[in-house]
Amino acid sequence: MEKSFLNDNLEDYADEEYMIEASNVTKRFGDLEVFKDISVNVKKGEVLVIIGPSGSGKSTFLRCLNHLEEINGGKIIIEGETLDGKNKKLVRKITTKMGMVFQNFNLFPHMTAIQNIMEAPLVVRKESKEEVLERANMLMKKVGLEDKADFYPSKLSGGQKQRVAIARALAMNPDIMLFDEPTSALDPELVGEVLSVMKDLAKEGMTMIVVTHEMGFAKEVADRVIFMDGGKIVEEGKPSDVFSHPKEIRTKAFLDKVLS
Amino acid sequence: MDTSVIIRTLPILLKGCVMTIELTVITLIIGTFLGIFLALLKISKNKVLSLISSFYTWIFRGTPMLLQLFFFYYGLPLIGLKLTPFQAAIIGLGLNCGAYMAEIIRGGIQSIDKGQFEAAKALGFNYSETMRKIILPQTFKVIIPPVGNEFITMLKDTSLVSTIAMVELMRSAQQMYATTFKPIEIFLTAGVLYLLLTTIFTAAFSIFEKKLSVYD
């Protein structure tokens, strides 16, 4: 009896193991405080969607997780290792476990789609070319662009660029994917193809944090939704709860605006 | 016009041409590497390094190249550094070219979208990998027109080293003039040779530019 109780406890602990633990994180740009004391934990395989009005600090928070922005207070732990800005090697080791997808794609314009995907595994990980090429081809197929391998980014549509960008991030075999408004720069008719790739990833159990304005995606795919406003987490919960029965007035006001 | 003078002096002028090309190419190689190095110092977050680079360009862009050449050729022997005309010419031209290239390259690097640095960082590239693989290849494309300009200026400026006993095209022309007293024939020929060289350079650059613009 006692033993099984102990085992249950251990299992519980395993369940609660976090991929990302951000506690009391504060970020300032000069005198401007973007957010203060934000704490977010993300479990393995969880899809967390962060919504909120522009300037709420949601993108900046995401960028802090990947150390594109240095935090001014608090602590960020990724898979048990603390992000310490002074230890550049450690930061690189930790952040390469996370793939990042940007609003403006940020593909390397002087490389073809397949070269974009292969560059980091070749240069950063020094993997063998055959291995990387095979993986890159597989990833191109996964994002539905196997026929565009030798196209330069300038010859691709926005949706295609973003899918290459997702494949490029996946080529480093990340444990976590961060999406910073991945569809905001796209023409409306191209949003769907990118979201569908993201949905597939979520289904495969990828741990994801997505900053987005796509409420449909949040409702359908998110395990948890966070609503940020004015540098604070105003509300968080299951998408069904947040979208159907928002507890906070500010959440309700925001949802009324974007869903109408 | 006495064409026989042209025919007689042409081999010597062509020999001068070879030296002019040699000087230009070596200068540009030194200038480019020095320029990349100085540009990276200039944009570094380290204030001291950035200041050193600024100081360098301040000196070399702010004083006449002729003065710099005289300084290296006549000045350095006094502190025990005896230079041949060729060495003094290469050092003077190279250091000067580096200062101009540094400014061109710095502008090029700073014109690259910040997102490129972020994407590289997010993928785990370190500083040197980011520069070598991502930023500089894009920079080179942006800066081709101003670099072409600088190269042509440099090619013509090599004529200044004729003042420190360096025998290149300009000096050869002067010597031929001194022996023949036919200024029109000699300097016209030398001028045509310079034009020919700058034209070849310009053409080479526009081919290079087209080649690099495949990803537009």
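Protein sequences appear in the order of chains U and F. For the first sequence, the working numbering begins at 0 and goes up steadily by one. For the second sequence, the working numbering begins at 66 and goes up steadily by one. Even glycine gets a Cβ: it sits at the ideal position worked out from N, Cα and C. Given the structure is predicted, the values throughout are model-derived calculations rather than measurements.
In its chain, beyond the 5 residues on either side, THR195 and ILE199 have a beta carbon closer than 6 Å to the beta carbon of F:ALA185. Just measuring C-alpha positions, the residue of U:LYS160, U:LYS147, U:ASP174 and U:PRO245 sitting nearest U:LEU106 is U:LYS160. In this structure, DSSP gives F:THR68 a helical state, which the three-state scheme calls helix.
Looking from the CA of U:GLY98, the closest CA among U:VAL48, U:LEU61 and U:MET171 belongs to U:MET171.
Pairing F:MET66 with F:ILE251 gives a Cβ-Cβ distance that is not under 8 Å.
Under the 8 Å criterion on CB atoms, F:LEU114 is classed as non-interfacial with respect to chain U.
Beta-bridge analysis with DSSP links U:PHE226 to U:ILE50 and U:GLU234. The closest CA to that of U:THR95, considering only F:GLU233, F:ALA167, F:ASN191 and F:LEU78, is found on F:ASN191. Collapsing the DSSP output to three states places F:PHE182 in a helix.
Of all residues in the stretch 190 to 214 of chain F, those with a C-beta nearer than 8 Å to a C-beta of chain U are PHE190, ASN191, GLU194, LYS198, ILE199, PRO202, GLN203 and LYS206, reading in chain order. Residue state for F:MET130 is assigned as helix, using DSSP reduced to three classes. Look at F:PHE137 here: in three-state DSSP terms it is helix. Annotated as distal: F:THR218 and F:GLY173, with beta-carbon spacing of 8 Å or more.
When the beta-carbon positions are compared, F:ALA167 and F:LEU103 come within less than 8 Å of each other.
For F:GLU183, the nearest beta carbon of chain U is closer than 8 Å to its own beta carbon. In this structure, the straight-line span from the alpha carbon of F:LEU225 to that of F:ARG236 is close to 9 Å. As the crow flies, the alpha-carbon of F:PHE120 is around 47 Å from that of U:PRO52. Taking 8 Å as the cut-off, the Cβ atoms of U:GLY229 and U:GLU32 do not count as close. Neighbours of U:ALA119 in chain F, taken as residues at a C-beta separation under 8 Å, are given in chain order as LEU188, GLY189 and PHE190. For the pair U:VAL257 and U:ALA168, the CB atoms are not nearer than the 8 Å cut-off. The three-state reading of DSSP puts U:GLY72 in strand, counting E and B together.
Using a Cβ distance threshold of 8 Å, U:ILE116 and U:ASP149 do not count as a contacting pair. Classified as buried, F:ASN161 has 16 or more neighbouring CB atoms from the shown chains inside 10 Å of its CB. Separation of the CB atoms of F:ILE170 and F:GLY100 is rounded to 5 Å, and the pair is thereby assigned contact status at 8 Å. Residues are counted here when their Cβ sits less than 8 Å from a Cβ of chain U; for the stretch 156 to 181 of chain F these are ASP178, GLY180 and GLN181, given in chain order. Against chain F, the beta carbon of U:SER153 has neighbours under 7 Å at TYR280 and ASP281, listed in chain order. The shortest CA-to-CA distance from U:GLY54 to any of U:LYS26, U:ILE76 and U:VAL46 is the one to U:LYS26. Sequence-distant Cβ neighbours of U:MET205 in its own chain, meaning closer than 7 Å and more than five residues away, are MET176.
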